[in-house]
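Below is one structure, written out as structure tokens, with a few remarks after it.
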Amino acid sequence: VKGVPPHYTAFRVLLAVVVVVALAVLVMVVAAEPVRMVVEELLGLRR
Amino acid sequence: VPQLLGAVAALALYAAGCYIAIVYLVGPVWPYLLVGAAGAGVLLVAAVLVAALLGVPRFAADPVRPAALADRLPATRTRFPRDPAWANYLFAQSRADLRAAAAGTAELVGRVWRAMVRGVRAEPMALVLWPVLLIPVIAAAGFTAAAALAGVLLYGLVAAVLAVAAVGWLAVVGALRGGDAGVRRLRRAKATCHHPGCNHRSTLPAFRCACGRVHHDIRPGLLGAAVRRCECGRLLPTTVLGAAATLTALCQACGRPLRPGAAVLTDVVLPVFGPASAGKTRLVLAGMVALSRHLGAVGGALDPVGAESKATFMDAGEVARPDGRTTKTDAGQHPAAITVRLALARRTALLHLFDAAGELYADREQSRELRFLDDTQGLVFVLDPFSIPAVADDLRGPLPDHLAAAQPAAEPPEDSYLITAQWLRDQGADLARLPLAVAVVKADLLLGLPPAAGLTADADSADVEAWLRAKHLDNMVDGAQRDFGAVRFHLVSSLDPGTDVAGLVGPTSPARPLLWLLGRSGVAVPEVVAG
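Chains as they are written, first to last, in my numbering: chain E, 1 to 47; chain V, 48 to 578.
Structure representation (structure tokens):
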């Protein structure tokens with residue numbers, strides 16, 4: 001948008017990177033063996 | 048009975064079918080469905096948030112323009128609205144972006160549920176297959192719950208990042224603002240409006256951008272730390288020290304331009320008061336010329352600031368001669384300040400001399416117009432010795448020509464002093480912190496006459512005070528010493544600048560009272576040439 005200060009874009013890109021990194025960390029945490037075991041136990045997938 | 052049995056059998060069959068569907072269809076599927084839906088919910092939240100931040104049209108928030116800031120930021124502490132500048136991203140736009148992303152996510156989740164409800168409403172008989180319908184319901188519930196949980200986590204994380212950035216930002220703002228204010232306080236800087244009828248004084252003037260928009264509070268803050276962006280797109284400095292170097296400073300009260308250097312240079316306001324015809328204008332003009340010569344002699348400089356001050360300074364050179372005539376100050380006009388820039392080795396200062404017509408000091412109603420008296424660094428009281436009743440009485444008989452030649456002030460000095468001092472007290476002026484220079488003028492005419500017996504050209508403050516007491520001005524002298532923080536008496540001749548060949552001021556120079564008051568205001572001018 002015309003007139004919008006350039007630092008708005010810089011902050012937005014920074015926040016987007018934070019979100020993507022946080023998502024990646026979340027996936028890694030969920031995929032980790034101990035967490036996966038607990039989830040499988042809770043959902044009854046382990047027999 | 049056969050019909051009843053048939054119905055029971057059908058019901059049993061339906062129940063058995065439902066049981067089979069739940070056990071063999073829903074049972075094995077739901078854990079995987081739940082995990083998949085939850086993953087989709089998390090992905091949705093992250094994707095919409097990133098889309099909103101990167102400006103994808105469907106999800107992006109509208110820019111928070113300067114005109115909309117009044118509703119988005121806390122109210123200002125001044126009488127002016129928010130300045131026409133873009134706010135920093137952290138304080139308005141970030142909230143708008145997060146709000147838009149959250150609304151976009153909620154809209155998509157709501158659309159999933161609305162689609163399911165719409166399907167059932169279109170085909171109500173589908174409810175018969177409710178065990179099968181549990182599959183999309185479980186998926187939607189997992190999707191919604193995961194989206195809500197991910198929303199809390201991701202938005203909380205983003206909010207935390209913004210909060211940390213805002214704290215760092217405010218620390219920078221505080222440091223810049225403190226540094227800016229500290230330097231100006233050390234310099235004793237203020238912005239004095241020199242325009243007649245205004246004379247407003249403040250530490251924070253307004254500044255005008257090149258586009259014409261006025262910024263009433265340029266200091267570092269929510270609109271920018273080191274720089275701010277005007278609505279027109281131009282970058283402006285935020286500190287007063289920086290803004291004064293590049294922008295036009297304006298009076299906060301009348302909106303007119305201030306002198307260059309206002310609010311960043313040491314600012315000294317010295318009103319000269321006294322009755323009409325006492326010799327105030329001549330003291331100011333001759334004092335300015337003397338001050339200019341003296342500063343030149345001690346390695347400094349004096350320059351008039353502004354066209355009016357330059358014109359007055361040019362006239363002062365003509366007036367400050369023994370044959371120079373002083374024009375009577377017009378009592379019908381508001382007094383304008385004569386502003387000069389004093390450059391010394393370690394300090395540059397703006398000196399505003401206010402010379403109002405004596406009639407304005409004569410009664411309290413008219414004194415209300417003299418707003419420059421509200422905030423001064425000191426005052427000069429011009430005392431015409433020929434208007435002292437004891438002196439006039441001594442001369443009236445034997446030396447009437449001398450009395451007439453002196454053109455004495457019509458009003459006795461005591462009356463003029465008392466009216467002005469009382470008015471200042473009424474205004475709440477803290478006289479006890481102010482210095483008062485009492486200039487006993489017309490020394491060139493007085494010295495040598497019988498009433499001046501015992502008074503010499505090099506009389507010091509104590510000698511002049513003793514002489515005034517001898518002329519029955521005890522009440523006025525005592526009153527001045529009681530009212531003001533410091534009082535010094537000067538015997539002055541405004542006939543000429545009273546400087547020697549080197550330019551240094553002599554003992555009766557009209558610059559003497561000004562030099563003393565400047566010294567009391569933190570602008571000490573050396574009396575002799577250094578070295």
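Where a beta carbon is used, it is the ideal one built from N, C-alpha and C, also for glycine.
Could you tell me the alpha carbon to alpha carbon distance between residue i and residue j, rounded to whole angstroms?
| i | j | result |
| --- | --- | --- |
| R255 (chain V) | G475 (chain V) | 33 Å |
| G259 (chain V) | R281 (chain V) | 11 Å |
| R535 (chain V) | A117 (chain V) | 52 Å |
| A173 (chain V) | G166 (chain V) | 9 Å |
| S324 (chain V) | T423 (chain V) | 23 Å |
| T250 (chain V) | G229 (chain V) | 12 Å |
| R12 (chain E) | V19 (chain E) | 11 Å |
| K357 (chain V) | L312 (chain V) | 19 Å |
| Y8 (chain E) | V205 (chain V) | 15 Å |
| V315 (chain V) | V511 (chain V) | 26 Å |
| T467 (chain V) | P5 (chain E) | 54 Å |
| V184 (chain V) | P113 (chain V) | 46 Å |
| A577 (chain V) | G308 (chain V) | Low per-residue confidence applies at A577 (chain V): pLDDT is 49, beneath 50, and the placement is therefore not dependable enough to give any value. |
| L72 (chain V) | M28 (chain E) | 31 Å |
| S540 (chain V) | D505 (chain V) | 12 Å |
| G203 (chain V) | A22 (chain E) | 11 Å |
| P460 (chain V) | A390 (chain V) | 35 Å |
| D362 (chain V) | A499 (chain V) | 32 Å |
| V366 (chain V) | A348 (chain V) | 21 Å |
| V156 (chain V) | V164 (chain V) | 13 Å |
| A396 (chain V) | P447 (chain V) | 45 Å |
| R129 (chain V) | A222 (chain V) | 22 Å |
| V331 (chain V) | T125 (chain V) | 37 Å |
| V572 (chain V) | A392 (chain V) | 10 Å |
| R388 (chain V) | G566 (chain V) | 15 Å |
Can you give me the Cβ contacts of residue i inside the same chain, cut-off strictly under 7 Å, excluding the 5 residues immediately before and after it?
| i | result |
| --- | --- |
| P497 (chain V) | D441 |
| R340 (chain V) | P544, T546, G550 |
| S141 (chain V) | L209 |
| V111 (chain V) | R119, A134, A139, Q140, A143 |
| V76 (chain V) | I182 |
| G553 (chain V) | G545, T546, D547 |
Could you name the residues of chain V that residue i contacts, counting a contact when the two beta carbons are closer than 7 Å?
| i | result |
| --- | --- |
| V4 (chain E) | P110 |
Would the beta-carbon of residue i fall within 8 Å of that of residue j?
| i | j | result |
| --- | --- | --- |
| P252 (chain V) | A238 (chain V) | yes |
| R276 (chain V) | A132 (chain V) | yes |
| G268 (chain V) | V220 (chain V) | yes |
| A134 (chain V) | L217 (chain V) | no |
| V92 (chain V) | L201 (chain V) | yes |
| G334 (chain V) | A558 (chain V) | yes |
| A486 (chain V) | V427 (chain V) | yes |
| L338 (chain V) | L538 (chain V) | no |
| G189 (chain V) | L81 (chain V) | yes |
Going along the chain, which residues of its own chain have a beta-carbon closer than 6 Å to the beta-carbon of residue i, five neighbours each way excluded?
| i | result |
| --- | --- |
| C65 (chain V) | P178 |
| K327 (chain V) | V319, G321, D402, V429 |
| G343 (chain V) | G550 |
| A85 (chain V) | G189, A193 |
| W514 (chain V) | L502 |
| R266 (chain V) | R224 |
| A384 (chain V) | H241, H399, F401 |
Using a Cβ cut-off of 7 Å, pull out every chain E residue sitting near residue i, in sequence order please.
| i | result |
| --- | --- |
| R276 (chain V) | P5 |
| V280 (chain V) | With the sequence shown as reference, residue 280 (chain V) is identified as Gly, and Val is not the correct amino acid for it. The answer, in chain order, is G3. |
| V76 (chain V) | Those do not exist, as V76 (chain V) stays about 12 Å from chain E at its closest Cβ, beyond 7 Å. |
| V208 (chain V) | L15, V18 |
Can you list, in chain order, the residues of its chain with a C-beta nearer than 8 Å to that of residue i? Leave out the 5 residues immediately preceding and following it.
| i | result |
| --- | --- |
| R480 (chain V) | G532 |
| R472 (chain V) | L478, D530 |
| V575 (chain V) | V345, L551 |
| L51 (chain V) | none |
| R46 (chain E) | M37, E40 |
Mind listing the chain V neighbours of residue i? Cutoff is C-beta to C-beta under 8 Å, in chain order.
| i | result |
| --- | --- |
| A32 (chain E) | Going along chain V, no residue has its Cβ under 8 Å from A32 (chain E), so there is no contact; the nearest lies around 15 Å. |
| V19 (chain E) | A93, L96, V97, L100, L201, L204, V205 |
Whose Cβ in chain E lies nearer than 9 Å to the Cβ of residue i?
| i | result |
| --- | --- |
| V214 (chain V) | The premise fails here: V214 (chain V) is roughly 15 Å from chain E at the closest Cβ pair, so nothing lies under 9 Å. |
| L81 (chain V) | L43 |
By the criterion of Cβ-Cβ separation under 9 Å, what are the contact partners of residue i in chain V?
| i | result |
| --- | --- |
| R46 (chain E) | The premise fails here: R46 (chain E) is roughly 11 Å from chain V at the closest Cβ pair, so nothing lies under 9 Å. |
| R12 (chain E) | A99, L100, L101, G102, Y136, Q140, S141, D144 |
What residues of chain E sit near residue i, judged by a beta carbon separation below 8 Å?
| i | result |
| --- | --- |
| V89 (chain V) | L23, L26 |
| V366 (chain V) | Those within 8 Å of V366 (chain V) in chain E number zero; the least Cβ separation is about 55 Å. |
| V211 (chain V) | Result: empty, since nearest Cβ-Cβ is about 11 Å, beyond 8 Å. |
Since residue i contacts residue j with CB under 8 Å, what's their CB separation in whole angstroms?
| i | j | result |
| --- | --- | --- |
| L580 (chain V) | A457 (chain V) | Because chain V here runs from 48 to 578, residue 580 (chain V) falls outside it and cannot be looked at. |
| L305 (chain V) | L294 (chain V) | In fact, because the Cβ distance is near 11 Å, the residues do not count as touching under 8 Å. |
| H399 (chain V) | H241 (chain V) | 6 Å |
task = Taking only beta carbons into account, state which residues of the stretch 121-146 of chain V come closer than 8 Å to chain A, listed in chain order.
result = Among the chains of the structure shown, chain A does not appear; the protein chains present are E and V.
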